[in-house]
Amino acid sequence: MRVAVIGGGWAGLAAAVELSAAGAEVTLFEAARQLGGRARSVDVHGHRLDNGQHILIGAYRETLRLIRTVGADPAQCLKRLPLELSFPGAGFGMKLPRLPAPFHLALGLLNARGSRLGEKVAAVRFMRWLQAADYRLAADCTVAELLDRHRQRGKLRRYLWEPLCLAALNTAPENASAQIFANVLRDSLGGERADTDLLLPAVDLDRVFPDAAADFIRRRGGRIRLSTRVEQIASPFALAGETFAHLVVAVAPQHAAALLAGTAPASAEMLAGYRYEPIGTVYAGYPPDVRLPCPMLGLDGGTDSRLGQWVFDRGTLGGAHGVMGFVLSAHGAWDERDGAALLAALHGELEQALRRKLPPPLWHQVIRERRATFSCRPGLPRPPARTSLRGLWLAGDYVCADYPATLEGAVRSGVAAARAVLASGNDHG
Ligand SMILES: Cc1cc2nc3c(=O)[nH]c(=O)nc-3n(C[C@H](O)[C@H](O)[C@H](O)COP(=O)(O)OP(=O)(O)OC[C@H]3O[C@@H](n4cnc5c(N)ncnc54)[C@H](O)[C@@H]3O)c2cc1C
0 MRVAVIGGGW AGLAAAVELS AAGAEVTLFE AARQLGGRAR SVDVHGHRLD NGQHILIGAY
60 RETLRLIRTV GADPAQCLKR LPLELSFPGA GFGMKLPRLP APFHLALGLL NARGSRLGEK
120 VAAVRFMRWL QAADYRLAAD CTVAELLDRH RQRGKLRRYL WEPLCLAALN TAPENASAQI
180 FANVLRDSLG GERADTDLLL PAVDLDRVFP DAAADFIRRR GGRIRLSTRV EQIASPFALA
240 GETFAHLVVA VAPQHAAALL AGTAPASAEM LAGYRYEPIG TVYAGYPPDV RLPCPMLGLD
300 GGTDSRLGQW VFDRGTLGGA HGVMGFVLSA HGAWDERDGA ALLAALHGEL EQALRRKLPP
360 PLWHQVIRER RATFSCRPGL PRPPARTSLR GLWLAGDYVC ADYPATLEGA VRSGVAAARA
420 VLASGNDHG
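Under numbering that gives the first Met the number 0, think of the first position of the sequence shown as 0, with each following residue one higher.
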């Protein structure tokens, strides 16, 4: 069976790996010169860094399975740490102990530093309510509304629920879908203890999955055509002189909307209504003796003027010492600032978190991904993998209806599309 996959992000790669493993003849078309899409490595001031700091969690089962399938070792390429949220500037800290579920969560919440007992009890009640409801809401609403309804206030709201919402959905709690947030909680805090672990890339992102996936596809006779943008699709599926029985479109939603307009208008129309959220990453090279007390530190010191959410110490993640990666999620005041102003503000926030003066960075680089993720709003429609045109399938983070825009959503969608192709057989070519 000959299958074309358009897009070499994690969704397209997952589809191509799954298809290749089942014996399909795969050709993957990627517009860029490299694979990985929105989760790729870039060269910054002589360092191999990521286009944005990515966080995986233990609950990313399909991602971990595929990393193993292609021959990479998650234990080598990802640093597993118990979930720890540390905001020293605000006197808040929470770490989940290595105890079986649900004791890890109950104890982690009750021992959270800097929050009141009433907030902790309310948080435990909130999780128990979600669990009793099987994490299904009668009607979707915003995360802020859900938190209000369940009296989630004070520091646990500000330093647990809201940062989790921003990190997972890349959408402010006032705009984010409570149902998708509940799904994320179901699979993380509501799962086994290991599901809550943070898995931070300890090698550059290309080496976590895309490089090994490409080798796997090629070893099975598949072809990868880089720098090859597919301009339009039409049935029968002929691309670059080849004819394919199936076509998996695994591009970001804004690109899919344009590509599908002529062939799957219902999907294209749905995607044309999507809104997007940015992510900014500011890399700063400090002298090598500048270190953080933990690999990932919260920057919110309790003031309303703060810009950054997290800073990562790349030296503790297999990178050079002194290199810090600041993360700025979703639309916010940071959007408008130029690089120098951003760096100055983040430098100050880091000093406040560490409660000490720091030497100025020796270099910095700002990476702005304007359309990093779709804006994960209440009731956002998601297209299924199957389109109205036989043999034309969709994959991509936005197709995985259970999840926000994440690596796990992308990988799951790719695997699901591949399985649908395999199940429907070779009757289109
Ligand atoms: C800065 C940043 C930080 C993030 N942090 C996290 C995180 O911490 N945890 C997490 O789980 N997720 C995170 N995400 C989200 C995650 O990266 C995405 O959800 C995921 O990578 C999407 O994969 P995809 O394959 O669906 O799409 P993409 O990665 O967008 O892949 C689509 C590919 O299709 C190619 N393409 C487009 N049009 C064409 C065409 N016409 N012909 C050929 N090729 C084409 C593109 O070049 C691209 O390579 C982050 C994203 C960003 C940008």
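For each residue, glycine too, the CB sits at the ideal point set by N, CA and C.
Cβ separation of residue i and residue j, assumed to be a contact under 8 Å, to the nearest whole Å
i	j	result
His363	Val281	6 Å
Ala233	Gly272	Actually they are not in contact, since the Cβ atoms of Ala233 and Gly272 sit about 24 Å apart, beyond 8 Å.
Leu353	His346	Contact doesn't hold; Cβ gap of about 11 Å is too wide.
Gly300	Gly88	3 Å
Leu270	Pro294	Contact doesn't hold; Cβ gap of about 36 Å is too wide.
Arg290	His320	7 Å
Asp214	Gly57	That belief does not hold up - the Cβ atoms of Asp214 and Gly57 are roughly 26 Å apart, past 8 Å.
Val247	Ala416	5 Å
Leu188	Met126	7 Å
Gly8	Ala409	6 Å
Asn169	Thr372	4 Å
Rounded straight-line distance, which links the Cα of residue j to that of residue i
i	j	result
Gly70	Gly297	34 Å
Gln75	Ala201	8 Å
Leu98	Leu80	14 Å
Ala265	Trp392	13 Å
Asp203	Gly117	42 Å
Ala237	Thr26	12 Å
Leu34	Ser387	28 Å
Ile366	Arg313	16 Å
Leu349	Ala283	11 Å
Pro277	Trp333	10 Å
Asp401	Pro383	12 Å
Arg274	Leu406	19 Å
Arg39	Ala404	15 Å
Arg279	Gly424	Here the sequence assigns Gly to residue 279, which means Arg is not the residue at that position. Approximately 42 Å between the Cα atoms of the pair.
Val229	Arg411	23 Å
Ala419	Arg224	23 Å
Ala344	Gly221	48 Å
Glu161	Arg115	17 Å
His427	Leu18	Reliability of the predicted coordinates at His427 is poor, the pLDDT of 48 falling under 50, and the value obtained from them is presented with this limitation in mind. Between His427 and Leu18, the C-alpha separation is close to 16 Å.
Phe180	Val2	34 Å
Ala211	Ala137	42 Å
Pro286	Pro359	9 Å
His245	Ala255	16 Å
Ala394	Gly90	43 Å
Reduced DSSP secondary structure (H/G/I, E/B, other) of residue i
i	result
Glu364	With the sequence shown as reference, residue 364 is identified as Gln, and Glu is not the correct amino acid for it. It is a strand residue.
Ala400	coil
Glu118	helix
Asp334	helix
Pro200	strand
Lys356	coil
His245	strand
Gly430	The question about residue 430 has no answer here: the residues shown for the chain are numbered 0 through 428.
Val16	helix
Asp299	coil
Leu159	helix
Ala137	coil
Arg381	coil
Glu61	helix
Ile54	coil
Ile223	strand
Leu291	coil
Val229	coil
Glu24	strand
Gly8	strand
Arg185	helix
Met323	strand
Met0	coil
Phe208	coil
His254	helix
Ser176	strand
Residue i Cβ short of 7 Å to ligand 2 heavy atom set
i	result
Val25	Of the ligands this structure carries, namely ligand 1, none is ligand 2.
Residue i: CB within 7 Å of a non-hydrogen atom of ligand 1
i	result
His53	yes
Thr405	yes
Met317	Before going on, a small fix: residue 317 reads as Gly here, not Met. False, no ligand heavy atom lies under 7 Å from that Cβ.
Thr141	no
Asp186	no
Val250	yes
Asp396	yes
Trp9	yes
Glu144	no
Leu258	yes
Phe28	yes
Thr372	yes
Thr280	yes
Ile5	yes
Asn174	no
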